[in-house]
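Heads up: the structure comes next, in structure tokens.
Number of protein chains: 2
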Amino acid sequence: MSSTGVDKRKRADPDPVASIASRMNLREGEEAVRRVLREVHRMRKVGTKDLARGARLPIPVTAAIRRELEKGGLLRREGGAVLTPEGEAYVTEVLGLVWGVNKAPAPRDGGRSPIPDEYTEMLERLRTLSELRPAAMPQLDQAHATPETSLRRALYMQEEGDLGGRDVLFLGDDDLTSVAAGLLKVARKLTVVDIDERLLKVIDEVSMENGLGIETVCHDLRKPLPEGLMGGFDIVATDPPYTVSGLEVFLSRGIEALRSLKMSTVYLSFADKPPLEMLEVHRAITGMGVFVRELIPRFNEYVGAEMFANITSLMRLSTTEDAEPAVKGVYEDVMYTGEVNPTVRVYRCRCGAEVTVGAGETYGTVEVLKERGCPSCGAHEGFSLRRRVKLPGGRR
Amino acid sequence: MSSTGVDKRKRADPDPVASIASRMNLREGEEAVRRVLREVHRMRKVGTKDLARGARLPIPVTAAIRRELEKGGLLRREGGAVLTPEGEAYVTEVLGLVWGVNKAPAPRDGGRSPIPDEYTEMLERLRTLSELRPAAMPQLDQAHATPETSLRRALYMQEEGDLGGRDVLFLGDDDLTSVAAGLLKVARKLTVVDIDERLLKVIDEVSMENGLGIETVCHDLRKPLPEGLMGGFDIVATDPPYTVSGLEVFLSRGIEALRSLKMSTVYLSFADKPPLEMLEVHRAITGMGVFVRELIPRFNEYVGAEMFANITSLMRLSTTEDAEPAVKGVYEDVMYTGEVNPTVRVYRCRCGAEVTVGAGETYGTVEVLKERGCPSCGAHEGFSLRRRVKLPGGRR
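So the sequences go chain by chain: A and B. If you read the first sequence in the working numbering, its first letter stands for residue 7, the second for the next number, and so on. If you read the second sequence in the working numbering, its first letter stands for residue 7, the second for the next number, and so on.
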């Protein structure tokens, strides 16, 4: 944000992050060089050991990158590594790293610690905007995350350096995490792909009115990503259907969307399932050449998901150069929870009547039941879930 | 803690946790029943939704377990689930759940949040005891965790219900996590298996003097666990050699040590490695039928480990009924870092002399160099690590 004009000088190397990563043949790819620059920018002056710690890289790798950045004129040593004016310009104006907006540490433990005061206003705004969301469609595995959750996600991504100056793709976004990210005003590009036109219309309007610049694409992820989105992003975020196939399809599309596979990040929300199903999920992840770098249980809270006590985990996944989508081309099989494990739910009205809700029933969702009213007493609210009944033919 | 004598009445069912899990054919095993009891004990009175949330189980499963516990006379409903006197006695005296000792939430973010005040004295004691540890042996991949880290680990395990009333096995423990756990005085059994007799002697002494009741077993984990330890534990904790084979060997022994595989917990510390190596590590974990339930980066800090900026991750792994050790019988191959990736390190003395340190060199470790003094000027301190040199023949 400082040093105007410096970037207009022709830099000897137009893309030092890429050229250093390639010259050093770094196993961590460009991400490693970027992290070193980001840490120096954040700490202003930093010794090699703290730099390695902050960048989460081994000390020798960090020291070698630092030396290359010194040679390139972006860093100099002054009782620690500091950015040169050219480095400062590159980091803020080309890489788009804006550390200042995120002063308090991002709360990582879900609902246990509060959202920092400085974001109270943003949270209020997000609450208001969230009310514009169309009703969740359970047949698409939609379940709205609370505004607090969306904001926590965005703050966490920002703290990890995954929003500032980045091109970020949201694969499905009925949670409006893109809007929370947009309000932080640090990303280079925010794109939402969703099958739900109603939702995209709301995001478009909110984005327009608030100057968030979110791009929306209506697309069924059972089909491969549109050509124009392939390989176009630094970061992917998704809260897919909580089935093994849902995960495989969404994560496969996510891998295809990434610009580099060496060490890119995918934010993945997923529910706690019984042990053998969780094992399948984790095997699907490692099977695609991706691994868990951080996993925060109970990070996400939802307003509508009754069965998992309204709480799911958030994983920060890292890709590797061996990453490969499990699903290529059109996905023809079942994927949504209602398809994979067909169930109906039995609700009880306050009048005592029990009403069956589910795909293929008179009331497809509880929202429809509420709208039409209890068939016995006509009430539009006061329904409580009694039980789930599995239909034959289900499979994962 | 309360209700004395009640446990002396013959309970209709001597092991309700086991019999309910078996009768309900729970995919989460006995652990699920135990968690429900633990949450009711902790919350005193709790509705089903909050109970499910606390126990991290789906609501229908939670509700069904609650009903079984009511039938068995351990719970009753009173504007929420509460323990009956018989339930209270069972939970505290048979299961050994002692919630009270852990009032403040355990700090989960490594060094970022402080250890709660109520543990200041315990931390001081642990600091004093840690000074008794023999010097770390890098050839065994020893690197002492800080006393803060050991205490944080113990508090985290306790908060997860994995110490109170549990039989816990530490596979290698130069970190003295067993001592930190012992000071909390809640576990039923604490056992340490280590190859280092010097270390076990210290643990024995500390345990004796402080009444911690820690059992120690001198054993090389390249060999299968001693018969008497097989299948004898509820929980395993390990900070293995940071190689893929080190992980495989230690986790395999850990799986063999568990009483039930359905949903038992293994605490695994591991360093950040380059992406493809991390992928191998995670594939080894899922390959053994185990998955990551929580992964906290930068949880562990060490006093001696120079190369990873003194910081590693802590994973809470869950086993499944499909869990199977990758290594059975005697492990004949290389496992320690120095064997897998043979390297020497070059230190520089303040006098300017460079000294090569490593297996097969005059100075096997920097500790030996410090003891004998710089070959050029004789100084016993002031050595800084300059670089690592890989020797030919290394492999993972």
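Quick reminder that beta carbons are idealized off the backbone N, C-alpha and C, glycines included. Quick caveat, the model's predicted, so the values are computed rather than measured.
Residue-chain proximity (residue i, chain A), Cβ-Cβ < 7 angstroms
i        : result
B/Lys396 : no
B/His150 : no
B/Ile317 : yes
B/Pro144 : no
B/Phe305 : no
B/Phe297 : yes
B/Leu257 : no
B/Leu323 : no
B/Leu375 : no
Rounded C-alpha distance that separates residue i from residue j
i        : j        : result
B/Tyr248 : B/Glu286 : 12 angstroms
B/Leu282 : A/Thr326 : 6 angstroms
A/Gly85  : A/Val46  : 13 angstroms
B/Val198 : B/His225 : 10 angstroms
A/Pro232 : A/Pro20  : 30 angstroms
B/Ala290 : B/Val255 : 10 angstroms
A/Thr126 : A/Thr244 : 25 angstroms
B/Thr54  : A/Gly93  : 56 angstroms
A/Glu262 : A/Pro331 : 7 angstroms
B/Val192 : B/Gly102 : 7 angstroms
A/Arg50  : A/Ala58  : 14 angstroms
B/Pro348 : B/Gln145 : 10 angstroms
B/Asp147 : B/Val363 : 15 angstroms
B/Val395 : A/Ala112 : 39 angstroms
A/Tyr353 : A/Val361 : 5 angstroms
A/Leu206 : A/Leu135 : 13 angstroms
Short CB-CB distance (under 7 angstroms) between residue i and chain B
i        : result
A/Thr326 : yes
A/Phe176 : no
A/Pro381 : no
A/Phe389 : no
A/Arg33  : yes
A/Gly384 : no
A/Leu320 : no
A/Glu300 : yes
A/Asn108 : With a pLDDT of only 44 at A/Asn108, under 50, the local geometry of the prediction cannot be trusted, and the value read off the model is given with reservation. No, because no Cβ of chain B sits closer than 7 angstroms to the Cβ of A/Asn108.
N-terminal and C-terminal residue of the alpha helix (DSSP H) that residue i is part of
i        : result
A/Ala70  : Ile65 to Lys77
B/Thr152 : From DSSP, B/Thr152 is part of no alpha helix (DSSP H); its letter is neither H nor E.
A/Val208 : Glu203 to Asn216
B/Asp19  : No alpha helix (DSSP H) holds B/Asp19; DSSP gives it neither H nor E.
B/Arg44  : Glu36 to Met49
A/Ser251 : Val250 to Ala263
A/Lys376 : Val372 to Arg378
B/Arg62  : Per DSSP, B/Arg62 belongs to no alpha helix (DSSP H) and is neither H nor E.
A/Thr134 : Thr126 to Ser136
B/Val198 : First-last for B/Val198: Lys195 to Asp200, but that is the beta strand (DSSP E), not the alpha helix (DSSP H).
First through last residue of the beta strand (DSSP E) which encompasses residue i
i        : result
B/Glu221 : Ile220 to Cys224
B/Ser324 : Ile317 to Thr325
A/Leu282 : Looking at the DSSP string, A/Leu282 is not in any beta strand (DSSP E); the run it does join, the alpha helix (DSSP H), is Pro281 to Gly293.
B/Ala87  : Ala87 to Leu89
A/Phe297 : Val296 to Glu307
B/Leu391 : Ser390 to Lys396
A/Ser275 : Thr271 to Phe276
Where residue i falls, given that 16 or more other Cβ within 10 Å makes a residue buried
i        : result
B/Asp123 : exposed
A/Leu274 : buried
B/Met163 : buried
A/His386 : exposed
B/Val340 : buried
B/Thr183 : buried
A/Ser270 : buried
B/Asn108 : With a pLDDT of 43 at B/Asn108, under the threshold of 50, the modelled position of this residue cannot be trusted, and the question is left open.
B/Asn316 : buried
A/Asn31  : exposed
Closer than 6 angstroms: residue i CB and nearest the ligand NAP heavy atom
i        : result
B/Val212 : As far as ligands go, the structure on display features none, and thus does not contain the ligand NAP.
Subject >> Contact set between the stretch 260-294 of chain B and chain A, restricted to residues whose Cβ is under 7 angstroms from the partner >> reply: Lys268, Met269, Asp278, Pro280, Pro281, Leu282, Met284, Leu285, His288, Arg289 and Thr292
Original post:
Of the residues that make up the stretch 46-80 of chain B, which ones have a beta carbon closer than 7 angstroms to any beta carbon in chain A?
Top reply: Lys55, Ala58, Arg59, Arg62, Pro64, Ile65 and Pro66
Original post:
What residues in the stretch 157-174 of chain A have a beta carbon less than 9 angstroms from any beta carbon of chain B?
Top reply: none
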